[in-house]
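A short worksheet on the structure shown next.
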Amino acid sequence: MLLETLDLRTKDILIYSQNLFNFNDSFKIIYKNEKIRRPQRISYFDVCNFVKESAPKNLIIYRLLTNITNLDAYSTKYGYFIKINEKMELIYFDPIFAIKDLRHLRFELNPNHFRFKIQQVGLTSVTQWQSEPDFAEIFKFDLRAVEAQNQNDKIFADAIFAFDPNYNDGELEERIIEDEEEKVPRKSIAKPATAETTDSTVSLSNIAEDKAPAVKVMNAPNPPNPNQVQELREEIISLLKQALNIDTELNSKIEKQPAKIEPEVKKESEERVKNVFDLFKSTNKSDGLTDREKESVILRFTK
């Protein structure tokens, strides 16, 4: 995900995620007013607070579509609800959260027949300083399997600060810290069963494209009543914190997946990033992104 606040003078921020199933390490925040703009860790729960704030912002998030009709989004565990084009919708901050959430969304279908899409969606604020911000959809396109597996939205931050001499992406410091951590024996921390991180089926590495899709209609999960959204969001976050023992020493690593982008994917992503930023500034769509929006990519589980 990418979150960029717009024209808040001294308080503008940028947040990006790296497609890790990890509620502490995946998300980074950059304070634009600092002399040295360096990504800092921010928790999933703090990101939720920034998303629901009414300040004007641009967002890049992910949408899940399936071949299940009337799928109830009420049982989501890793999704979040926001208003898009005046309607509440279930969204995800990263493809990995959408994949992991499939075991919690209640439906019955033979896994061999289950098909889904993950869309990258660009949004911008259409309301400001209201209790529930509303967003307009600027673009959307289906992710290919390799993109969903290797998506790392740090690429957006790198593009925004590409010519900023005061930007330090922090990769060198992180490698030093990780090297030092590897030298120190870690305590064995038992993970609660409710964290549910070991299912081998709902994994990014276990998805592929359906080369001969018979499915034509893909559906978004049905959102709850708009009047229940605020209460439901708080309940989901509270239960998630309890499941992750967020107030104890388990407030560390849950499951880390590689956030490295394959060279071919990275090159194409860099080109698309340039087009995406143009879209946020103008209503004119580039030919490259228009072609991607027309492309239908349906995914399946390989086992």
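Heads up: the sequence shown begins at 400 in our numbering, then just goes up one per residue. Note that beta-carbon positions come from the ideal geometry of N, C-alpha and C, so glycine has one too.
| Query | Result |
| --- | --- |
| Where Glu531 falls: helix, strand or coil (DSSP) | coil |
| Best match in Leu698, Phe513, Tyr430 and Val675 for proximity to Ile554 [C-alpha to C-alpha] | Val675 |
| The alpha helix (DSSP H) enclosing Tyr443, as first and last residue numbers | Tyr443 to Lys451 |
| Rounded straight-line distance, which links the Cα of Arg437 to that of Tyr491 | 25 Å |
| C-alpha gap between Thr409 and Asn432, whole angstroms | 6 Å |
| Val450 vs Tyr479 beta-carbon contact at 8 Å | yes |
| Beta-carbon gap between Lys539 and Val601 smaller than 8 Å | no |
| Exposed unless 16 or more other CB atoms sit within 10 angstroms - verdict on Thr468 | exposed |
| Candidates Phe420, Asn624, Lys476 and Asp493, of which the one nearest Ile519 by Cα | At residue 519 the sequence reads Gln, which differs from the Ile that was named. It is Asp493 whose Cα lies nearest to the Cα of Gln519. |
| Inter-stretch contact (C-beta, 8 Å, three-pair minimum) for the segment 611-628 and the segment 454-470 | yes |
| Among Phe496, Glu531, Gln641 and Pro455, nearest to Gln550 - alpha-carbon criterion | Phe496 |
| Glu634, enclosing alpha helix (DSSP H) - first and last residue | Val628 to Ala642 |
| Buried versus exposed call for Gln417 [16 or more other C-beta atoms within 10 Å across all chains shown] | buried |
| Nearest-angstrom Cα separation, counted from Leu402 out to Lys456 | 7 Å |
| Own chain residues within Cβ distance below 8 Å of Asn605, not counting five before or after | Ser599, Phe700, Thr701 and Lys702 |
| Boundaries (first-last residue) of the beta strand (DSSP E) holding Ala607 | Ile606 to Glu608 |
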